[in-house]
Each structure stands twice: as C-alpha cells, then as structure tokens.
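Counting along the sequence shown from 1, when you hit position 76 you're at 76 in the UniProt record's numbering, and nothing is skipped either side.
All C-beta atoms in this analysis are idealised placements derived from N, C-alpha and C, irrespective of residue type, glycine included.
Quick caveat, the model's predicted, so the values are computed rather than measured.
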Amino acid sequence: MAKLLYSATASLDGYIAGPGGDMSWLTEHLGGENPTAQRLLANVGAILAGSGTFGGDDPNRGTDKEGAFGGQYHGPVFVLTHRPPAQPRTDVTFVGDLHSAVAEAKEAAGDKYVNILGANVAQQCIEAGLLDEILMFFAPVLLGDGIRMFNHPGGTTVRLAPIPGETAHWYSVLY
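Next up, the structure:
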C-alpha cells in the first residue's frame with residue numbers, strides 16, 4: 001500500500017518558499033545529479049498538493065523543466081481544495097477534503113509513494129496522523145522569511161526517526 005511522503009527543498013533556515021510563495025531563490029540550486037531525488041521520482045505513484053502549491057510559483061516556469069520534479073513527473077496529480085476551478089484540467093483531480101484526497105491518491109499510487117507537495121497539506125496530514133515519512137533537501141541559502149517547511153505555533157512536537165539505510169534527512173514520522 002502507498003505511503004504518504006512529504007518531500008521538499010528548504011533553505012537552511014527552514015523555508016520552502018520565500019515571501020508570497022516566491023520560488024525564484026531555488027533556481028540557482030536546481031540541477032546537477034541527485035541520486036536520492038532520482039530514486040524518489042522513480043518511486044512516486046501520485047502527487048497530492050494543496051491549491052496554493054499547485055497554482056503557485058514554479059522556479060522553472062516557462063521552461064521545459066516546469067512542473068513537479070523539474071518537469072520529470074508524469075503521473076496522477078490530486079489537488080486538495082475547497083474551490084476547484086470552473087474549468088478543471090483533465091489531467092488533475094480536485095478533491096474537497098483531506099481524507100478523500102489521501103484515499104484517492106493512495107489508490108492511484110498503488111505500492112509507490114504519494115508525494116505531498118506543500119507545507120499546508122503536509123501539516124494537515126501530520127495533524128490527522130496520516131503522514132508516514134518526510135524527506136528534506138537543503139539548499140545553501142538563508143531566506144529569513146517565507147513559508148516554513150513546517151509551521152505550527154503552539155503545536156505539539158512531532159517526533160521523527162531516521163530511516164535506516166536512507167539518506168540524511170529522510171525520516172519516519174512517529175505518532
């Protein structure tokens with residue numbers, strides 16, 4: 001059965017996007033060989049994104065690398081939103097509640113990962129006890145402001161355990 005994985009690239013101070021969702025900072029840190037990212041891509045069976053992430057900035061906008069995983073992902077995409085577009089795309093499924101979105105994405109992913117894109121959806125999955133793993137890549141930059149990879153002021157601590165044999169910063173979520 002599919003596992004839910006939150007993966008993202010963050011600045012060293014923990015931001016996955018700059019102010020207003022700006023992703024342009026990431027452009028200079030993309031490219032090059034990353035065996036972990038390539039292995040992850042090969043094991044993603046579906047993507048679950050929030051509407052802000054889905055409709056937000058893309059550091060590769062306007063290039064052949066636009067889209068998830070630098071334009072390399074070609075599979076089912078589910079968007080969690082309470083406001084689906086009036087003219088939905090045929091290659092994207094818009095779902096109105098978290099549990100239905102997770103169930104549909106897991107079914108589509110089969111025995112591969114459902115890759116969560118977006119801090120808000122990842123936080124909702126953690127709060128619901130649904131997230132299985134977290135994989136973070138870090139770019140050598142300090143943004144100082146923006147969208148944090150996880151932001152839950154006053155929330156409880158989320159314990160993580162390194163996954164044996166995996167790359168640094170790939171963890172199981174402990175509930």
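If residue i sits next to residue j, beta carbons under 8 Å apart, how far is it from one beta carbon to the other, in whole angstroms?
i    : j     : result
Tyr6 : Ile47 : About 11 Å; that fails the 8 Å criterion.
Look up residue i in the DSSP assignment and say whether it is helix, strand or coil.
i      : result
Thr9   : strand
Ala17  : strand
Arg148 : strand
Ala42  : helix
Pro153 : coil
Pro161 : With the sequence shown as reference, residue 161 is identified as Ala, and Pro is not the correct amino acid for it. Three-state result, Ala161: strand.
Ala37  : helix
Can you say whether residue i is buried or exposed, counting buried as having 16 or more other CB atoms within 10 angstroms of its CB?
i      : result
Gly18  : buried
Leu40  : buried
Leu12  : exposed
Asn151 : exposed
Pro153 : exposed
Pro140 : exposed
Tyr175 : exposed
Gln38  : exposed
Ala101 : buried
Who are the near neighbours of residue i in its chain, counting only those whose CB is closer than 7 Å to its CB and skipping five residues on each side?
i      : result
Ala68  : Ile47 and Leu117
Tyr171 : Glu133, Ile134, Leu160, Ala161, Pro162 and Ile163
Ala128 : Leu98
Val158 : Ile126 and Val173
Might you give, ordered along the chain, the residues of its own chain that have their beta carbon closer than 6 Å to the beta carbon of residue i, omitting 5 neighbours on each side?
i      : result
Val114 : Ala2, Leu4, Ala46, Leu48, Ala105 and Lys106
Asn43  : Lys112 and Tyr113
Can you find the residues in the same chain that come closer than 8 Å, C-beta to C-beta, to residue i, ignoring five residues on each side of it along the sequence?
i     : result
Ile16 : Ala8, Thr9, Ala10, Ala119, Gly146, Ile147, Arg148 and Met149
Determine, using beta carbons only, whether residue i comes closer than 8 Å to chain B.
i     : result
Asp22 : Protein chains in the displayed structure number just one, and chain B is not present.
> In chain order, which beta strand (DSSP E) runs of at least 3 residues are fully inside the segment 70–143?
Replying inline: Runs of the beta strand (DSSP E) lying entirely within the segment 70–143, each at least 3 residues long, are 77–80, 92–95, 113–117 and 133–139 in chain order.
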